[in-house]
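In my numbering, the protein residues as written are 20 to 609.
Glycine residues also receive a C-beta, built at the ideal position from the N, C-alpha and C atoms.
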């Protein structure tokens, strides 16, 4: 191998050489390459200083992710190049310009990171090959392919053909040609990690043939356009070039196929008459447009939105009152008034067959189960569930959508939620309606009135869709902490159901039946691992939590479960911990 004479310096036991490491971004230095680099990171500058101070040898390795500013051993490729610092120049802004020359391949055996810079133990890689006849054949093939490549690629000077042909070392020939190929960084790293010269030449030949095919396609496009254009008409030339590219890529046929797919979807989709008329008009408009235009993208997105909505797709309601009552009791303790109202709705629905969805508003302090109650109602009725948080919403367009004249326009949260649900009759939870605010962009609570008014929401008009959509079959549920910030007209459209805070004994029951089991499973414990008497739960409620709901109580139970999990892991999987007043103070404090 080349440059054997300088291996005796920086030598560690076992044949490794100890060198400072210079992490590279977006570049791979191969042996025999001379490359200028601009270095700005302090550890990298220190590595160069250490190299210059010794024998000017440095190990050049590329980062896996160029965005990482402070790389670790895992961020670097293990195979790199042992290089020589040819010249080093300090610039006024504190950075360093360095000229490095790749010498030979090396593999990192061990990282010796220090505070000021990286050091590595590197093993030099043997690149010998015994397949002499095969190497000669590969060298001839690759020289011929490189001559063809230079002829097509005008960025490479023709003199390179003679320079490459004069190289008699197969390994050096492969590395020299790699530097002129426009391949991905990962592919270059793969070639750097290919140590057998014959195998490396085969890969380089494969990459070069792929590049030649791409250059041939580009040449055909240029020639086709050149024959069709008039030399004085630049605009005509650009249009014809775009047409030739589209023909080469088959985009025209792809666009026609897309139009046919949309026509088929429109034929099969059940839509309102107004929606069908609208989507057919937009499709006719799309046919007249260029597929590359920005307006075509806007129209395509609009058609996709109309076709993705569940116009007449509904889930079947579960009208089994006993089953619904069982589900509600299983998920929530207490809240009798709410449960009665849901059962009343299901009973009337089973008798009447068609009933507009009620607009319920749960009002109560945080942690009493308003949001989770909405999920339970969806499970009890057999409907899909979708939740939209309105906290901090201050733009009317968040509810009604943006008009299509705006860049990046899209429907409002109501239509987005219906699309997400995939049915026209989901349980739709509007969370934190009392947290909406008003500014110069409009009043979202005023827009919400149309959504929550049973007399109007049969023809809700989103600004983006600009067609009426029926919301009357949706079961809307609103949640709020207080009614003070909800406008009176909006309150009049909702059925207010107040959820008071839980009593001490209700919290105890909830903790025993729901919270303890949930936290025990979440922390990997079994019933055998933790024993929590009622007295401990009451102590948590009385001394460690002061709230109307049970969120803090759940957090404290979770803390106890994690403490017990630590004890179980330290001792034995079958350890049983009984919570007492003494260890409660130990785990949670006095």
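Just to check my reading of the structure: residue i and residue j have Cβ atoms closer than 8 Å, yes? What is that Cβ distance to the nearest angstrom?
{"i": "residue 116", "j": "residue 55", "result": "6 Å"}
{"i": "residue 140", "j": "residue 124", "result": "Their Cβ separation, rounded to whole angstroms, is 15 Å, which puts residue 140 and residue 124 out of contact at 8 Å."}
{"i": "residue 480", "j": "residue 487", "result": "6 Å"}
{"i": "residue 409", "j": "residue 450", "result": "6 Å"}
{"i": "residue 396", "j": "residue 496", "result": "7 Å"}
{"i": "residue 43", "j": "residue 76", "result": "Incorrect: roughly 16 Å between the Cβ atoms, too far for contact."}
{"i": "residue 227", "j": "residue 321", "result": "Contact doesn't hold; Cβ gap of about 46 Å is too wide."}
{"i": "residue 550", "j": "residue 598", "result": "7 Å"}
{"i": "residue 294", "j": "residue 325", "result": "6 Å"}
{"i": "residue 161", "j": "residue 196", "result": "7 Å"}
{"i": "residue 578", "j": "residue 606", "result": "7 Å"}
Which residue marks the beginning of the beta strand (DSSP E) containing residue i, and which one marks its end?
{"i": "residue 499", "result": "494-499"}
{"i": "residue 517", "result": "514-517"}
{"i": "residue 144", "result": "Note, residue 144: premise wrong, no beta strand (DSSP E); not H, not E."}
Identify the continuous alpha helix (DSSP H) that holds residue i and give its terminal residues.
{"i": "residue 528", "result": "523-529"}
{"i": "residue 391", "result": "389-400"}
{"i": "residue 540", "result": "535-541"}
{"i": "residue 553", "result": "553-558"}
Check residue i in the structure and name its three-state DSSP category.
{"i": "residue 11", "result": "The question about residue 11 has no answer here: the residues shown for the chain are numbered 20 through 609."}
{"i": "residue 636", "result": "Shown here, the chain extends from 20 to 609; a query on residue 636 therefore has no answer."}
{"i": "residue 161", "result": "helix"}
{"i": "residue 570", "result": "helix"}
{"i": "residue 604", "result": "helix"}
{"i": "residue 577", "result": "helix"}
{"i": "residue 240", "result": "helix"}
{"i": "residue 483", "result": "coil"}
{"i": "residue 511", "result": "helix"}
{"i": "residue 379", "result": "strand"}
{"i": "residue 590", "result": "coil"}
{"i": "residue 505", "result": "coil"}
{"i": "residue 490", "result": "coil"}
{"i": "residue 598", "result": "coil"}
{"i": "residue 259", "result": "helix"}
{"i": "residue 224", "result": "helix"}
{"i": "residue 140", "result": "strand"}
{"i": "residue 37", "result": "strand"}
{"i": "residue 565", "result": "coil"}
{"i": "residue 120", "result": "strand"}
{"i": "residue 110", "result": "coil"}
{"i": "residue 230", "result": "helix"}
{"i": "residue 550", "result": "strand"}
{"i": "residue 23", "result": "Because the pLDDT at residue 23 is just 33, under 50, the model does not fix this residue reliably, and the point stays unresolved."}
Looking at the C-beta of residue i, does it have a partner C-beta in chain B at a distance below 8 Å?
{"i": "residue 383", "result": "Protein chain content of the structure displayed is limited to a single chain, and chain B is not contained in it."}
Can you find at least 3 beta carbon pairs, one from the region 415-429 and one from the region 534-547, that sit closer than 8 Å? no
Extract the residue ranges of the alpha helix (DSSP H) inside the region 280-361, only unbroken runs of 4 or more that lie entirely within it. 292-306, 313-327 and 340-350
If contact is defined by three or more beta carbon pairs under 8 Å, each pair taking one atom from either stretch, is the region 378-386 in contact with the region 555-573? yes
Touch check for the region 349-363 and the region 441-459: three-plus C-beta pairs under 8 Å? Segments in contact, no.
Those runs of the beta strand (DSSP E) which lie wholly inside the region 161-207 and span at least 3 residues: Correct list: empty.
Let me know the beta strand (DSSP E) ranges lying completely inside the region 39-105, each 3 residues or longer, listed in chain order. The qualifying runs are 53-58 and 76-81.
Runs of 3 residues minimum, wholly inside the region 396-465: which ones carry the beta strand (DSSP E) assignment? 404-408 and 446-450
State whether the region 395-408 contacts the region 436-446, with contact taken as three or more CB pairs (one from each stretch) at a distance under 8 Å. The region 395-408 is in contact with the region 436-446.
Are the region 517-528 and the region 547-566 touching, with three or more C-beta to C-beta distances below 8 Å? yes
Evaluate contact between the region 339-346 and the region 302-311, counting only Cβ atoms and requiring at least three cross-stretch pairs below 8 Å. no
Specify whether the region 195-215 and the region 144-158 touch according to this definition: at least 3 beta carbon pairs, one from each stretch, less than 8 Å apart. yes
Kindly confirm or deny that the region 65-72 and the region 172-189 touch, where touching means at least three C-beta pairs closer than 8 Å. The region 65-72 makes no contact with the region 172-189: fewer than 3 CB pairs, one atom from each, lie closer than 8 Å.
Count the CB pairs spanning the region 82-93 and the region 152-162 that are closer than 8 Å, and state whether there are at least three. no
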